[in-house]
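**Q**
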Amino acid sequence: MSLDTFAPGGSPAAAEPVRRDPDFTMTSGRWTLRAEGGERAAPAFADPDAAPELLANLRERERATGRAHVLYGMIPFDLSEPADLRVTDRAAWRPRSVEPAALGSAGDPLPPEDSPAYRSIVADALERIEAEEVQKVVLSRTMTLDLGPEHRAEAERVIAERLAASSRRADVFRVRLADGATWIGASPEIIADVSDSRFLTHPLAGSLPRVPGGLDAAQAAARLAGSAKDLHEHRFVTRHIVQALEPLAREISAPEEPELFGTDAMWHLGTRIGGRLRPEVSALEAALAIHPTPAVGGAPTQPALRMIRELEGSSRGFYSGLVGWTDSSGNGRWSLVLRCASLRGDALTLYAGAGVVAGSTPSGEHAETGAKFSTMLRTLEGLL
1 MSLDTFAPGG SPAAAEPVRR DPDFTMTSGR WTLRAEGGER AAPAFADPDA
51 APELLANLRE RERATGRAHV LYGMIPFDLS EPADLRVTDR AAWRPRSVEP
101 AALGSAGDPL PPEDSPAYRS IVADALERIE AEEVQKVVLS RTMTLDLGPE
151 HRAEAERVIA ERLAASSRRA DVFRVRLADG ATWIGASPEI IADVSDSRFL
201 THPLAGSLPR VPGGLDAAQA AARLAGSAKD LHEHRFVTRH IVQALEPLAR
251 EISAPEEPEL FGTDAMWHLG TRIGGRLRPE VSALEAALAI HPTPAVGGAP
301 TQPALRMIRE LEGSSRGFYS GLVGWTDSSG NGRWSLVLRC ASLRGDALTL
351 YAGAGVVAGS TPSGEHAETG AKFSTMLRTL EGLL
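One point on numbering: in the UniProt record's numbering, the residue at position 52 of the sequence shown is 52, and numbering is uninterrupted.
1. Determine contact between the stretch 288 to 297 and the stretch 113 to 122, defined as no fewer than three beta-carbon pairs at a distance below 8 Å.
2. Give the single residue among Leu277, Ala125, Thr201 whose Cα lies nearest to the Cα of Pro247.
3. State buried or exposed for Asp78, treating a residue as buried only when at least 16 other CB atoms are found within 10 Å of its CB.
4. Please name the residue, chosen from Tyr72, Thr361, Lys372, Arg333, that lies closest to Glu127 on a Cα-to-Cα basis.
5. Helix, strand or coil: which one does DSSP assign to Ala299?
6. Looking at C-alpha atoms only, which residue of Leu145, Lys229, Arg61 is the closest neighbour of Leu348?
7. Using a Cβ-Cβ cutoff of less than 8 Å, which residues in the same chain neighbour Glu53 once the five nearest sequence positions on both sides are dropped?
8. So, at 7 Å on beta carbons, what are the nonlocal neighbours of Leu336 in its own chain, with the 5 sequence-adjacent residues on each side left out?
9. Candidates Glu233, Val356, Phe318: which alpha carbon is nearest Ile129's?
10. State yes or no: is the C-beta of Leu269 within less than 8 Å of the C-beta of Ala217?
11. Could you tell me how far apart the beta carbons of Arg339 and Gly185 are, in whole angstroms, since I believe they sit closer than 8 Å?
12. Need the endpoints of the alpha helix (DSSP H) that Pro52 sits in, please.
13. Report the three-state DSSP secondary structure of Glu257 (helix, strand or coil).
14. Check whether the Cβ atoms of Leu33 and Ser328 lie closer than 8 Å to each other.
15. In whole angstroms, give me the CA-to-CA distance for Leu305 and Pro17.
16. Going straight from the alpha carbon of Leu103 to that of Ile273, what length do you get?
17. Are there 16 or more other CB atoms within 10 angstroms of the CB of Ala13, so buried, or fewer, so exposed?
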């Protein structure tokens, strides 16, 4: 079943040809968007006027030039921090494809790093959950690798091609930011896909590592469906999303029970929530209304966000934020910045997180983040 609503068949071509290696590439569902250049914008979306002003600027540029424009880029996990966005008329869609050179090019993943510090903050969080400070908190960790200067030039392309080949159900993205970093990833989680006011969001929460010789789909579905912990974790997310979208939507359809969703590295509980937005609501505004969900933050939201800042000790930046695009008609797609890495110079930093609820264990969440690292680790054969 397709997890996208947008079909760009009638979309105008770019004002100028988009080069093969653009600033922004996002492959989702059946399509790839490539975009480059444009006017930069760095709003902090904690300001409720930021999104309407940005969209008004997008429409004004279209009127002034007579050419279609797209807003694209990344939004951080913490909405009080600045986004990295651009408004451009240099954007083009093409059908999704896999580069032949990428097929079969990634080998067995490197082992993830052991992190006693991560197990320690999970243990701390469990004590605070027992004390009823929060019901759920998502804690992340990082892993930094040295690519070596001889591989820097090809790393972006090779990693992105391997992700596109291995992560067919994910939104594969590569984004060059103003600060010189490039973010590359394969997000399994759609926050807002909008076309002609029809919307889709597909939250994932409740997970099992997917390992060779491990559980098959039926066994994983039975394990997750029978897990009170995972079902409890998933319902935090779906309830949050429905409540956030109700003021913006004409209709919402949300199944009562989740389904199994598999990625290259994980089994997840997922719920396909759809419906129709009010005509004036854009994909960007729908995504901002939902973000951050309990799938990346926790519940209740504000206490969980405070706990994340205390326990993780530094800003996540764009990790577990949003990546995507919106056009002047409000169509667009925004997904979570997950299963990803940032490349700065020769340093490649990988990110992974896991939801901590009553019944979680430090070793279990450590293993889950290790499994999530494997999506990126598989792409690094020959680059280290």
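Built from N, CA and C at the ideal position, the CB exists for glycine as well.
**A** Let me lay it out:
1. no
2. Leu277
3. buried
4. Thr361
5. strand
6. Comparing Cα-Cα distances from Leu348 to each of Leu145, Lys229, Arg61, the minimum goes to Leu145.
7. Answer for Glu53: Pro43, listed in chain order.
8. Cβ neighbours of Leu336 beyond the five flanking positions: Ser187, Glu189, Ile191, Val296, Ser320, Leu322.
9. Val356
10. no
11. 5 Å
12. 50 to 65
13. coil
14. no
15. 42 Å
16. The predicted position of Leu103 is uncertain, since its pLDDT is 42 and thus under 50; no value can be drawn from it.
17. Bear in mind that a pLDDT of 48 at Ala13, under 50, signals an unreliable position, so the model cannot answer this.
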